[in-house]
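Notes for the one structure printed next.
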Amino acid sequence: MDTELNRNDVSSTRRGFGRAAAFLLAASLVALAALAPGCGRPGQGALTDSEKAADVELLNGALAQELTLVDAYSRGLAALDGRGLALAAEFRGQSQAHVDALTKAIRGLGGRTEAEAAEPEAPRPRERAAALTLAYEEENAALALALEAAPRLATDAPRTLAAALAASHAQHLALLRQALGAGPMAAVPKPFESGTEPPPGAPAVEGG
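In this note's numbering, the protein residues as written are 797 to 1004.
Encoded structure:
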């Protein structure tokens, strides 16, 4: 009886977490859609305003990482199937939405998009775990950059956009942990996600 109750509890937790994660992902995309038009008004501010020019530089850094993330998902699709493939395809689409929002934000400040995806350091992943781990590592990097940029941005709309990006990447990481084998509770985002949490099964970092 106790075993059956425990199974029911775990099943309920998994269903609840899945519903909550889906809601949060949808909420993040709504926030990004609302923010992008406000960031995207034409202007020449960055040419004469040092604060806006600094913001453009930060946003270009975030844009480069988003492009790298889109590329990471694209490179891993062939190694995935089932739920892993569905997640990767969905998250690639969301990362492309991030690219579009950042591009509008940069242009709205009167700046130019000068970002490119980083060159891959490893061969195209051929196994499921490798593809998901690559995505996880690039999501971590995107989260860390968004968290770093948010308090340094001088203009309101880009600062709010960076916060929305950080929330989206934290949610992606939670579902990628599940896809990599973590249980529902182990996959829950940490109280303060920083972009340094290793993927499930990775060796613990000494002193971390």
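Glycine included, C-beta positions come from ideal geometry on N, C-alpha and C.
Practice item. For Ser891, count neighbouring C-beta atoms within 10 Å of its own C-beta (all shown protein chains included) and say buried if the count is 16 or more, exposed if not. Key: buried
Point to revise | Exposed unless 16 or more other CB atoms sit within 10 angstroms - verdict on Pro995 | key: buried
Point to revise | Sequence-distant residues of its chain with Cβ nearer than 6 angstroms to Pro921 (five each side left out) | key: Gly872, Ala875, Ala927 and Leu930
Review point. Any idea what DSSP makes of Thr951, helix, strand or coil?
Key: coil
Check your understanding: Closest to Ala850 by CA distance: which of Arg955, Leu939, Ala897 and Gln974 is it?
Key -> Arg955
Check your understanding: What is the DSSP secondary structure of Ile857, counted as helix, strand or coil?
Key -> This sequence places Gly at residue 857; Ile is not what is there. Gly857: helix per DSSP, three-state reduction.
Review point. Can you tell which of Thr899, Glu935 and Gly979 has its C-alpha closest to the C-alpha of Tyr742?
Key: Here the chain has residues from 797 to 1004 only, and residue 742 is not among them.
Check your understanding: Using the rule of at least 16 other Cβ atoms within 10 Å of the residue's Cβ for burial, across every protein chain shown, is Pro980 buried or exposed?
Key -> buried
Review point. If you follow the alpha helix (DSSP H) that Gly904 is part of, which residue opens it and which one closes it?
Key: Gly878 to Gly904
Exercise for review: Return the first residue and the last residue of the alpha helix (DSSP H) that Pro995 is part of.
Suggested key: It is not in any alpha helix (DSSP H) - Pro995 carries neither H nor E in the DSSP assignment.
Practice item. Starting from Pro980, follow the alpha helix (DSSP H) in both directions and report where the run begins and ends. Key: Pro980 to Ala983
Practice item. Could you tell me the boundaries of the alpha helix (DSSP H) in which Leu930 lies? Key: Arg924 to Ala945
Point to revise | Near the ligand ATP: Met981 beta-carbon under 7 angstroms from a heavy atom | key: Among the components of this structure there are no ligands whatsoever, and the ligand ATP is therefore not found.
Exercise for review: Have a look at Leu854 and Ala945 and give me their C-alpha separation to the nearest angstrom.
Suggested key: 6 angstroms
Exercise for review: May I have the straight-line CA-CA distance separating Thr992 from Ala983, to the nearest angstrom?
Suggested key: 14 angstroms
Review point. I think Leu941 touches Leu969, with their Cβ atoms under 8 angstroms apart; what is that distance to the nearest whole Å?
Key: Not really, about 14 angstroms apart at Cβ, beyond 8 angstroms.
Review point. Where does Leu873 sit, in a helix, a strand or coil, going by DSSP?
Key: helix
Exercise for review: Return the residue from the list Arg903, Ala897, Val866 and Pro987 that minimises the CA-CA distance to Ala937.
Suggested key: Val866
Review point. Between which two residues does the alpha helix (DSSP H) carrying Gly977 extend?
Key: Premise fails: Gly977 is in no alpha helix (DSSP H) and is neither H nor E.
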